[in-house]
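**Q**
Protein chains in written order, with my numbering: chain Y, 3 to 101; chain W, 686 to 1198.
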């Protein structure tokens, strides 16, 4: 097994996530992009775990999943609330918190 | 007073005063004495300004308070010095250890105590507040500004005799201050038309006698307290008598509007006359014993002090006679609508009691007070008998007689309703309280104002300027920087990505380098 392939895949996925977050306006898409970035890091950690021959990376991946699940709960609730009040899920419309 | 809405407050203040005065006198420790000292000062302030709706009363109260604070600094410093030198401020410790005190320290404490006494007892140079203090109700003038509080300074000096025994310089200063004040007070008393201000000048003068006696060391300390007591009798009597006269004259205090009151107010006249005899030192009255003792003791110290005290006695006789003649003798010069009447017995009975004590107080106290006070004044004084006659006493009596005659001679005729303009510098100075206020204003107030204005300008210009300037720089910079926070989540995200890339680059380049 060559870990480089996994790391390249991980980097590609992370870059897609970053670009998706920066370029798309929909809050849901932005949210999915964040999940994509998290999973890219998970993939990298699992790959390193395999290379090193211990379970530290896999445990780290589990922690990231738990945090991601919690984040989804809170984040989706916020998005739903924003949509209810503003009739829009665009992140550019929710820009009141500023200077 | 009976119709005053704030009568309850008046009596509450009086009780506060009496509490503080008792604390002052009963204290066994300078620190506790200081507490009472401040208490009487506060009560004095409240009572002088009792008619606070009158601007002059409010100003007089403030003046008394401020001038008294100057004296209090002296007492504070004296107590600090005692604590530093003795480790205690109890009278017992101070008296026991005073003998081992260095000469310089004793002089320092002595002058601090003298400053304190000057403030409280209205001695030169802190005399200016007492005349204005007459703005208060007359019973207050009688109790506080004649009989008790203003004599606290004398009490302090006498009580600190152990310190003053170590320092001839401070003792002499006390005697000089007393002599100067007794002449100043008498001078002011001769020039005033306000009956209460005449009595206030007289009070200053009599306290000057007490200070002089206290400055004579163990020789005169007992006489200072003796005169303090007899002065309390006759001056309180005369102040209350003046209050009774004012009560009959619709609160008019100008003696030029009085005249011929002896028939209208016989009881007030008789009691006032007894106080008058006592203060001029008529033989066998209270003042005769206490004041003559002081004059004689002053002669044993120095003939200058003695002579000046003797002249003071003559001037006292002059201005008190002037007061008597202008108030009770001569023709009616009453203003229209004034119908003098004798005061009710609630006012005359205290007058009779005090008048009786003014007459016999000296006889009662003369033979034993010196010995009785010996533990407190540090030395037994020689008792002069009741019928003691000396050359000095006779000369003093002669001067008093001259003063009485002149007082009668100048004011026996018609007295104009307004004070005639005078070109005599003595009279003009006396009418202006010897320029005490002008002196304070020129020497302390004006430079103080200049200093305060300068400090204020420095504060608002330099200190405030630097603080406000740095604040506005920060505020200006943040106005520019805060534009970054534009509310768009994606721009924050971009910033984060750029930051992460930057950190990553630094790390990688660091590894490679």
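Where is the CB? At the ideal position from N, CA and C, for every residue including glycine.
With a threshold of 8 Å, are at least 3 pairs of Cβ atoms found where one atom belongs to the region 1096-1106 of chain W and the other to the region 1006-1018 of chain W?
**A** In short, these stretches touch, since the Cβ pair count reaches three.
**Q** Is it right to say residue 1025 of chain W is buried, meaning 16 or more other beta carbons lie within 10 angstroms of its own, or is it exposed?
**A** With 16 or more Cβ atoms within 10 Å of its Cβ, residue 1025 of chain W is classed as buried.
**Q** Rounded to whole angstroms, what's the CA-CA distance from residue 49 of chain Y to residue 1186 of chain W? Just pull it up for me.
**A** Computed Cα separation, rounded: 22 Å.
**Q** Relative to the C-alpha of residue 1028 of chain W, which candidate in W:926, W:1137, W:911 has its C-alpha closest?
**A** Looking at the Cα atoms, W:926 is the closest of the given residues.
**Q** Under 7 Å Cβ-Cβ, which residues of chain Y neighbour residue 1173 of chain W?
**A** The answer, in chain order, is 94, 97.
**Q** Taking the alpha carbon of residue 66 of chain Y as the reference point, which residue from Y:54, Y:28, Y:31, Y:42 has its own alpha carbon closest?
**A** Ranking the options by Cα distance to residue 66 of chain Y, first place goes to Y:42.
**Q** For the candidate residues W:792, W:905, W:794, W:722, whose alpha-carbon lies nearest to that of residue 838 of chain W?
**A** Among W:792, W:905, W:794, W:722, the Cα nearest to that of residue 838 of chain W belongs to W:722.
**Q** What does DSSP give as the partner residues of residue 775 of chain W in its beta bridges?
**A** According to DSSP, which records beta bridges pairwise, residue 775 of chain W is partnered with W:714.
**Q** Going along chain W, which residues have a C-beta under 7 Å from residue 30 of chain Y?
**A** By Cβ distance, chain W contributes nothing, its closest Cβ being about 13 Å from residue 30 of chain Y, past 7 Å.
**Q** Between the C-alpha atoms of residue 1007 of chain W and residue 1000 of chain W, what's the straight-line distance to the nearest angstrom?
**A** If I take the Cα positions, the gap works out to 10 Å.
**Q** Look at the alpha carbon of residue 1117 of chain W and the alpha carbon of residue 730 of chain W, and state the distance between them as a whole number of angstroms.
**A** So the two alpha carbons sit approximately 23 Å from each other.
**Q** So, is residue 899 of chain W buried or exposed, given that buried needs 16 or more other C-beta atoms within 10 angstroms?
**A** Residue 899 of chain W is buried by the Cβ-count criterion.
**Q** Answer with buried or exposed for residue 1113 of chain W, where buried requires no fewer than 16 other C-beta atoms within 10 angstroms of its C-beta.
**A** Exposed is the call here.
**Q** Kindly identify the DSSP beta-bridge partner or partners of residue 1144 of chain W.
**A** In the DSSP output, where bridge partners are listed per residue, residue 1144 of chain W has none listed.
**Q** Does the pairing of the region 883-896 of chain W with the region 825-837 of chain W give three or more beta-carbon distances under 8 Å?
**A** Judged by Cβ distances under 8 Å, the region 883-896 of chain W makes contact with the region 825-837 of chain W, as three or more pairs qualify.
**Q** Is there a Cβ from chain Y that is less than 8 Å from the Cβ of residue 752 of chain W?
**A** Not one chain Y Cβ lies under 8 Å of residue 752 of chain W.
**Q** Determine, using beta-carbon pairs with one atom in the region 781-793 of chain W and one in the region 848-868 of chain W, whether at least three such pairs fall under 8 Å.
**A** Taking 8 Å as the limit for Cβ pairs, the verdict is that the region 848-868 of chain W does touch the region 781-793 of chain W.
**Q** Please go through the same chain and pick out, in chain order, the residues whose beta-carbon is closer than 6 Å to the beta-carbon of residue 759 of chain W, but skip the five residues on each side of it.
**A** So the list reads 797, 800, 801, once near-sequence residues are dropped.
**Q** Name the one or two DSSP bridge partners that residue 28 of chain Y has.
**A** Note: residue 28 of chain Y sits in a beta bridge opposite Y:92.
**Q** Can you tell me whether residue 957 of chain W is buried or exposed, with buried defined as 16 or more other CB within 10 angstroms of its CB?
**A** Its Cβ being crowded by 16 or more others within 10 Å, residue 957 of chain W is buried.
**Q** Can you look up residue 7 of chain Y in the DSSP assignment and give me helix, strand or coil?
**A** Residue 7 of chain Y falls in the helix class under three-state DSSP.
**Q** What are the residues of the region 1176-1191 of chain W that lie near chain Y, defined by any Cβ-Cβ distance shorter than 7 Å?
**A** Residues passing the 7 Å Cβ filter: 1178, 1179, 1182.
**Q** Starting from residue 1201 of chain W, follow its DSSP beta bridges and name the residues at the other end.
**A** Since the first residue of chain W shown is 686 and the last is 1198, residue 1201 of chain W is not available in this structure.
**Q** For residue 890 of chain W, tell me which candidate among W:877, W:865, W:879 has the shortest Cα-Cα distance.
**A** Among W:877, W:865, W:879, the Cα nearest to that of residue 890 of chain W belongs to W:865.
**Q** If contacts are defined as beta-carbon pairs under 8 Å, then residue 807 of chain W and residue 1062 of chain W qualify, I think. What distance do you get, rounded to the angstrom?
**A** Their Cβ separation, rounded to whole angstroms, is 23 Å, which puts residue 807 of chain W and residue 1062 of chain W out of contact at 8 Å.
**Q** What residues in its chain sit with their C-beta under 8 Å from that of residue 1103 of chain W, if we drop five residues either side in the sequence?
**A** Excluding residues within five positions, the ones whose Cβ falls inside 8 Å are 941.
**Q** State the Cα-Cα distance for the pair residue 1032 of chain W and residue 939 of chain W, rounded to the nearest angstrom.
**A** Residue 1032 of chain W and residue 939 of chain W: Cα-Cα distance of roughly 21 Å.
**Q** Compare the C-alpha of residue 771 of chain W against each of W:787, W:756, W:757 and name the closest.
**A** Residue W:787 is the option with its Cα nearest to residue 771 of chain W.
**Q** Which residues share a DSSP beta bridge with residue 935 of chain W?
**A** None, per the DSSP bridge assignment.
**Q** Just to check my reading of the structure: residue 745 of chain W and residue 736 of chain W have Cβ atoms closer than 8 Å, yes? What is that Cβ distance to the nearest angstrom?
**A** Going by Cβ atoms, the distance from residue 745 of chain W to residue 736 of chain W rounds to 10 Å, so no, they are not a contact pair.
**Q** Taking all protein chains shown into account, decide if residue 988 of chain W is buried (16 or more other Cβ within 10 angstroms of its Cβ) or exposed.
**A** Exposed: under 16 other Cβ atoms inside 10 Å.
**Q** Helix, strand or coil, according to DSSP, for residue 58 of chain Y in the structure here?
**A** Note: residue 58 of chain Y maps to helix in three-state DSSP.
**Q** Quick test of your reading: residue 21 of chain Y and residue 45 of chain Y, contact by CB under 8 Å. State the CB separation rounded to the nearest angstrom.
**A** So it is not a contact: roughly 18 Å between Cβ atoms.
**Q** Using a C-beta to C-beta distance shorter than 8 Å, which residues of chain Y count as neighbours of residue 1170 of chain W?
**A** What residue 1170 of chain W touches in chain Y: 100, 101.
**Q** What does residue 23 of chain Y touch in chain A if you count any residue whose Cβ is under 8 Å from its own?
**A** No chain A appears in the structure shown, which is made up of the protein chains Y and W.
**Q** Tell me the DSSP secondary structure of residue 879 of chain W in three-state form.
**A** Looking at residue 879 of chain W - three-state DSSP - the assignment turns out to be strand.
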